[in-house]
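Worksheet: the structure to be examined is printed underneath.
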Amino acid sequence: MTQTHPDYSKVFKDMSRSNDGRLKRVLILLILVSVVIYAGIVGYMYVNQDSLLYKPSGELPAPKEVGLADVDVISLPMSDGVMLTAWSAPPATEDAPTVLFFHGQSGNLGDRADRLREILNSGFGLLAPSYRGFPGSEGEPSELALISDGIQMFDQLDAVGTVVVLHGQSLGTGVAAAVAKERPNAQLLVLEAPFTATVDVAGERYPFLPVSALMKDQFATRDFIADVTVPTLIFHGTEDETVPMHHSQALAAMSGDTAELHVIPDGTHNDLWSYGLWDEVQSTLAQ
Numbered sequence: 001m002t003q004t005h006p007d008y009s010k011v012f013k014d015m016s017r018s019n020d021g022r023l024k025r026v027l028i029l030l031i032l033v034s035v036v037i038y039a040g041i042v043g044y045m046y047v048n049q050d051s052l053l054y055k056p057s058g059e060l061p062a063p064k065e066v067g068l069a070d071v072d073v074i075s076l077p078m079s080d081g082v083m084l085t086a087w088s089a090p091p092a093t094e095d096a097p098t099v100l101f102f103h104g105q106s107g108n109l110g111d112r113a114d115r116l117r118e119i120l121n122s123g124f125g126l127l128a129p130s131y132r133g134f135p136g137s138e139g140e141p142s143e144l145a146l147i148s149d150g151i152q153m154f155d156q157l158d159a160v161g162t163v164v165v166l167h168g169q170s171l172g173t174g175v176a177a178a179v180a181k182e183r184p185n186a187q188l189l190v191l192e193a194p195f196t197a198t199v200d201v202a203g204e205r206y207p208f209l210p211v212s213a214l215m216k217d218q219f220a221t222r223d224f225i226a227d228v229t230v231p232t233l234i235f236h237g238t239e240d241e242t243v244p245m246h247h248s249q250a251l252a253a254m255s256g257d258t259a260e261l262h263v264i265p266d267g268t269h270n271d272l273w274s275y276g277l278w279d280e281v282q283s284t285l286a287q
């Protein structure tokens, strides 16, 4: 009697094909899940980009509450009807300039009281707007709106013969530089911890995302800084983890002889004034 043996090679082949099929299904499932998660991240970043770029918070204090008793709170109507709140003070002497100050991306004007106090103690005038959508002001912030507002405020000062120094802090550097390009009669442009573009900073933080395609407000100072003829001072700290110093180095190189870069050893993103930033500004203006 002939004994029949199982065909183990066929069994193993069937098992192998079954395992291959399972592996393929698992891989496809992982790919689909990854695509869904990635699309969710991209969608979240796109929908919430304004809240990631503009971060107003708190209530706008009265200037006297933060040691600025000589500062007035004024309302500035913009050309589209939006009403902005600004802190204002005249210069101590007729020949002293007024600083048009553009703050950073978060908080409110009260958080910049120490900076503004130094400006006033120098005898300079002050006009510091609260951006659209920030405490005290109407509207919603956007790159085009902030720059348009900045130009209008410059023109209001210029119309009465005021000498204007443009000062931008972080996000405000994108506004101040854009105003300087359009208004070359400004006396000085001060850029405190600037970026080449907000989209460049975002690209460095989120290299896995197509930020250049996602971001609406890119504040690409690099695209026009070479056309700014206003004398420019750029300040950046070596320990700045919010906007790395190479952004300022790039802007200074693009500006040619127009800009003077001040590298501040150990300086971070928000403490440059404690390293003598304003002393350098006053020294430049006194020349």
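Going by full-length UniProt numbering, the sequence shown opens with residue 1, and the numbers climb by one from there. All residues carry an ideal CB built from backbone N, CA and C; glycine is no exception. Since this is a predicted model, take the numbers as computed values, not measurements.
* Decide if the stretch 109-123 is in contact with the stretch 196-203; the criterion is three or more beta carbon pairs, one per stretch, under 8 Å apart. => no
* Relative to the C-alpha of Thr268, which residue among Glu241, His246 and Pro135 is closest? -> Counted from its first residue, the sequence shown places residue 268 at position 268. Closest by alpha carbon: Glu241.
* **Proximal residues to Val175 (C-beta, below 7 Å), its chain only, five neighbours per side dropped** => Position 175 of the sequence shown, counting from 1, holds the residue named residue 175. Around Val175: Phe102, Leu146, Ile147, Gly150 and Gly168.
* What is the DSSP secondary structure of Ala226, counted as helix, strand or coil? -> By one-based count along the sequence shown, residue 226 stands at place 226. Of the three classes helix, strand and coil, the one that applies to Ala226 here is helix, per DSSP.
* Asked: By Cβ distance below 7 Å, which residues in the same chain neighbour Met78 in space, the five residues on each side in sequence not counted?
  -> Position 78 of the sequence shown holds residue 78. Cβ neighbours of Met78 beyond the five flanking positions: Leu84, Asp149 and Gln152.
* Buried or exposed (CB count within 10 angstroms, at least 16 for buried), Gln218 -> Taking the first residue of the sequence shown as position 1, residue 218 is located at position 218. Taking all protein chains in view, the Cβ of Gln218 is crowded by 16 or more other Cβ atoms within 10 Å, so the residue is classified as buried.
* Do the stretch 133-140 and the stretch 214-231 meet, that is, are 3 or more Cβ pairs less than 8 Å apart? -> no
* To do: Could you tell me which of Phe154, Val71 and Ala96 sits nearest to Leu116, measuring between CA atoms?
  => Stepping through the sequence shown from its first residue, residue 116 is reached at position 116. Considering only alpha carbons, the answer is Val71.
* If we count Cβ pairs, one from each stretch, closer than 8 Å, do we get three or more for the stretch 182-189 versus the stretch 229-239? -> yes
* Going by the beta-carbon positions, is the gap between residue 295 and Pro63 smaller than 9 Å? -> Residue 295 falls outside the range modelled here, since the chain spans only 1 to 287, and no answer is possible.
* **Cα-Cα separation between Leu166 and Gln49, rounded to whole angstroms** => Translated into positions along the sequence shown, residue 166 becomes position 166. Translated into positions along the sequence shown, residue 49 becomes position 49. Roughly 27 Å separates the two Cα atoms.
* Residue(s) in a DSSP beta bridge with Pro141 -> Here the question's residue 141 lines up with position 141 in the sequence shown. Answer by DSSP bridge pairing: none, since Pro141 is not bridged.
* **Local conformation of Glu204 per DSSP, three classes** => Within the sequence shown, residue 204 is the residue found at index 204, counting from 1. If DSSP states are grouped into helix, strand and coil, Glu204 belongs with the helices.
* To do: Compare the Cα-Cα distances from Val82 to each of Gly133, Tyr44 and Ile28 and report the closest residue.
  => The count along the sequence shown starts at 1 and reaches residue 82 at position 82. Among Gly133, Tyr44 and Ile28, the Cα nearest to that of Val82 belongs to Gly133.
* Using three-state DSSP, classify Gln187 as helix, strand or coil. => Indexing the sequence shown from 1 puts residue 187 at position 187. Of the three classes helix, strand and coil, the one that applies to Gln187 here is coil, per DSSP.
* **Candidates Pro61, Asp20, Ile119 and Gly203: closest to Ala220 by CA position** => For the purposes of this step, residue 220 is identified with residue 220 of the sequence shown, where counting begins at 1. The shortest C-alpha separation from Ala220 is found at Gly203.
* **Rounded distance between the beta-carbons of Phe154 and Glu192, thought under 8 Å** => Start at 1 with the first residue of the sequence shown, and residue 192 comes out as number 192. Start at 1 with the first residue of the sequence shown, and residue 154 comes out as number 154. Wrong, their Cβ atoms sit about 18 Å apart, outside the cutoff.
* Helix, strand or coil at Thr98 according to DSSP, with G and I counted as helix -> Residue numbering aside, residue 98 sits at position 98 when the sequence shown is read from its first letter. In the structure shown, Thr98 sits in a strand (DSSP, three-state: E or B).
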